[in-house]
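Here is the structure we will look at, set down as structure tokens.
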Amino acid sequence: MSQRTRFALKTAVWEACLLPLALLVYRFQTDALGANPIEYVTRTLGDWTLRILLASLSMTPLRLLFGISWPMSLRRLLGLFAFFYVCLHFSVWIVVDHFFDWEQLIADVFKRPYITVGVLALTLLVPLAATSTTRMVKWLGGATWRRLHKLVYVAAVLGVLHYVWLAKKGVVDPFIYAGVLGVLLGIRLWDWARRLATRRWHHAETESVIRRLLADGG
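For the sequence shown, the numbering used here gives the first residue as 18, with consecutive numbering after it.
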């Protein structure tokens, strides 16, 4: 992929990811946030957190299934935008909904399971965002960095669980997100099982060849 094409793709991702925020600002300015503006803004930011996070997690399955490698260059940028939206999501809850009432906020974290798992998801995303730079990859080492960033799958599961527990009866969106995440994780699990089976087959073949050579030598 050329440098110009890569730049165009990343520009498109920037525009697509910032569009929901621009629409929220427009709705705020035109007084079109509905009867419960705080709930609308919080829910919209949470929705886009999950959508962008799932988009970032879909880059590897695209490569595994179709051999398309160029989306991998967008995975880090999408992950950072997901972190940006989850920070906005929690900022509205902390600043607007509770206005820095830390006692009430902490009580809610321990009392309400959907808030507990949401905070855990945010906590797991913090070190991933902090180590997203090329310098941090080099400092941690590729293997350590990859192990650390597997936490994104745990964060995604917690984020979907947060939405499932929070959603009112009849709302299907969280279950759609759960289904998409299940498919993405299933593809990764299939690839892991396939590679494990391949390694074992090669190992068995190697042992068989060695046994035959030893038998011929004897």
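Note that the Cβ used here is the ideal one computed from N, Cα and C, for glycine as well. Just so you know, these numbers come straight off a predicted model, no measurement behind them.
Integer-rounded CB distance, given that residue j should sit under 8 Å from residue i
i: V58; j: V109; result: 6 Å
i: L201; j: L71; result: 7 Å
i: L94; j: K27; result: 6 Å
i: R92; j: S73; result: 5 Å
i: L165; j: L175; result: Not quite, the Cβ-Cβ distance comes to about 16 Å (not below 8 Å), so this is no contact.
Secondary structure of residue i, DSSP reduced to three states
i: V197; result: helix
i: P106; result: Position check: residue 106 holds His in this sequence, whereas Pro was assumed. Helix.
i: D64; result: helix
i: T215; result: helix
i: T77; result: helix
i: L82; result: helix
i: F101; result: helix
i: S90; result: helix
i: D208; result: helix
i: T47; result: coil
i: V58; result: helix
i: F192; result: helix
i: D125; result: helix
i: F11; result: The structure shown does not extend to residue 11, since the chain is modelled only from 18 to 235, so the question has no answer here.
i: G187; result: coil
i: D114; result: helix
Pairwise C-alpha distance: residue j and residue i
i: H106; j: S19; result: 36 Å
i: T161; j: R205; result: 19 Å
i: C34; j: I123; result: 31 Å
i: L139; j: T223; result: 46 Å
i: V126; j: W119; result: 10 Å
i: T47; j: G63; result: 22 Å
i: A184; j: P191; result: 7 Å
i: A25; j: R217; result: 42 Å
i: R163; j: G51; result: 42 Å
i: V197; j: R21; result: 32 Å
i: P144; j: T61; result: 24 Å
i: V169; j: R68; result: 14 Å
i: V30; j: T77; result: 17 Å
i: F98; j: R212; result: 31 Å
i: V112; j: I55; result: 11 Å
i: A214; j: W207; result: 10 Å
i: A49; j: L40; result: 10 Å
Own chain residues within Cβ distance below 6 Å of residue i, not counting five before or after
i: F100; result: L142, A146
i: A195; result: V177
The ligand GTP heavy atom lying under 8 Å from the CB of residue i
i: L198; result: Here there are no bound small molecules, and the ligand GTP is not part of this structure.
Contact set for residue i: own chain, Cβ-Cβ below 7 Å, skip 5 residues either direction
i: R23; result: S90
i: S75; result: L201
i: H179; result: Y131, V134, G135, A138
i: H115; result: Q121, L122
i: V171; result: L141
i: H219; result: none
i: V103; result: T66, L139, L142
i: G203; result: none
Residues near residue i in its chain [Cβ-Cβ closer than 8 Å; skip 5 each side]
i: V182; result: Reading off the sequence shown, one finds Trp at residue 182, where the question assumed Val. For W182, where only same-chain residues beyond five positions count, the Cβ hits under 8 Å are P130, Y131, V134.
i: L154; result: Note on identity: in this sequence residue 154 is Val, with Leu being the wrong assignment. Excluding residues within five positions, the ones whose Cβ falls inside 8 Å are T148, W162.
**OP:** Let me know the alpha helix (DSSP H) ranges lying completely inside the stretch 130-184, each 4 residues or longer, listed in chain order.
**Re:** 130-147, 151-157, 159-166, 168-183
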